[in-house]
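Chains as they are written, first to last, in my numbering: chain A, 1 to 390; chain B, 391 to 453. Beneath this line is the structure, given in structure tokens, with notes to follow.
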């Protein structure tokens, strides 16, 4: 697997070429319909027939909300006037009295009811509900549908992004591994990856987990680092993928860290949770619930941190782009473009930082669970010393 | 009277800002005093900042 520098160069150039297209303000834009941002509102409008956004502000709000959610269609942009969407549909897999498999294009962006295996399904706000032949949805007072939902195992936009990331990681790292067979110096993309891998090993895993135990966890730490990093960087491209800003995905990642921590913990760790040494008995009992809660808050914080950081970044970037369309004048256009560019560069930093922080804290938690506690020996030493002092 | 969540969010941001400022300021002081330990100080700073951020975001969601 060789990634020629020309290919990378071309990709980067292409990304930079597309970037202004998405960001530059069409300051006096009222008639032109060549813009991804404005047009994508049409997609949102088509989805929500019930409460159609009236003005530009709520349109932008709806568009941002739509972007933050997962979707069954991969839409790059859509035409506001004709209501056409440019993109492709992804397969829908439902588990509901057997597996049902059809293309999301059959929903026609929420406008049609799909019949599969004697059941009718409707798409409403990117969620699939069971319905009847007329497609009636009942709503509660908060305007949420009360219809039953089938178990949705579809290849959605996020799932596709994760599969692509998995493929990219597989190709990159098998390439890196192969290049070591030729010689000690990696070639191609491996030159970028090797320092990152060494960084995770030398700066993250070894100081936090310990020299003799880190090897077992390197696989997980490297995987989670590059997985989050690549998905974060994907989120910054104009593809409109928001995977690490999805709380379900960060929850899964945090749960994996949690289970690894708990299952690799040694007896000292459990002892410190259920029977804290060297404190009064009453305190020991009081500390048990606190310590148990402490094990749960760690993955919870991991989950919230990644989700909130990435979502906040996406919201800020898209709101700034949206402001151009709210103000529509020659001053706001270029200045918000500049601001968007600035924030986007900050977001690249955040993408690396959050991947690093997730890995760092995971290794820290694992390290807490597996480390040998030496202080008990210290206490013994103290008790030996104390009589001498007295 | 119900206090709107947005006020809570504002308070959280003030607190988080103060906290991050303190961390950053102290780290700068430490690096200025011991420039050779900059790497270690930065790592510690990022960990603390991340932990603070986690709390701040949790509070923001509650607000």
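No residue lacks a Cβ here, since even glycine has one placed at the ideal position from N, Cα and C. Being a predicted model, the structure only gives us computed values, none of them experimental.
Among the bridge pairs identified by DSSP, residue 91 of chain A is matched with A:103. Rounded to the nearest whole angstrom, the C-alpha separation of residue 333 of chain A and residue 346 of chain A is 20 Å. Chain order gives the chain A residues near residue 448 of chain B as 300, 301, 304, where near means a beta carbon separation below 8 Å. Looking at the backbone, the Cα of residue 121 of chain A and that of residue 437 of chain B are separated by about 47 Å. Of the candidates A:10, A:243, A:100, A:190, A:243 places its Cα closest to the Cα of residue 158 of chain A. Comparing alpha-carbon positions, the option among A:250, A:359, A:341 lying closest to residue 317 of chain A turns out to be A:341. Residue contact with chain A for residue 392 of chain B: absent (no Cβ-Cβ distance below 7 Å to any residue of chain A).
Going by C-alpha positions, residue 261 of chain A is about 19 Å away from residue 276 of chain A. Taken in chain order, the complete alpha helix (DSSP H) segments of 4 or more residues contained in the segment 279-352 of chain A are 281-327.
At least 7 Å separates the CB of residue 248 of chain A from every CB of chain B. Per the C-alpha coordinates, the member of A:199, A:77, A:94 positioned closest to residue 86 of chain A is A:77. When A:119, A:185, A:228 are compared, the shortest CA-CA separation from residue 163 of chain A is found for A:228. Within 10 angstroms of the beta-carbon of residue 184 of chain A lie fewer than 16 other beta-carbons, which makes it exposed. DSSP, reduced to helix, strand and coil, places residue 426 of chain B within a helical segment of the structure shown.
Put simply, the backbone Cα of residue 119 of chain A is about 11 Å away from that of residue 129 of chain A.
Contacts with chain A at 7 Å (Cβ-Cβ) include residue 444 of chain B. Around the beta-carbon of residue 416 of chain B, fewer than 16 other beta-carbon atoms lie within 10 Å, marking it exposed. At a cut-off of 3 residues, not a single continuous stretch assigned as beta strand (DSSP E) sits fully inside the segment 162-201 of chain A. Here the alpha carbon of residue 298 of chain A sits roughly 43 Å from the alpha carbon of residue 182 of chain A. Burial is judged here by how many other beta carbons sit within 10 angstroms of a residue's own beta carbon; residue 324 of chain A has at least 16 and is buried. For residue 254 of chain A, there are no neighbours in chain B by C-beta distance under 8 Å, as the nearest C-beta there is about 11 Å away.
Residue 354 of chain A and residue 285 of chain A do not touch by the CB rule: their CB atoms are close to 38 Å apart, not below 8 Å. The beta-bridge partner set that DSSP reports for residue 116 of chain A consists of A:119. Per DSSP, residue 220 of chain A is not a residue of any beta strand (DSSP E); the alpha helix (DSSP H) it occupies stretches across 215-236.
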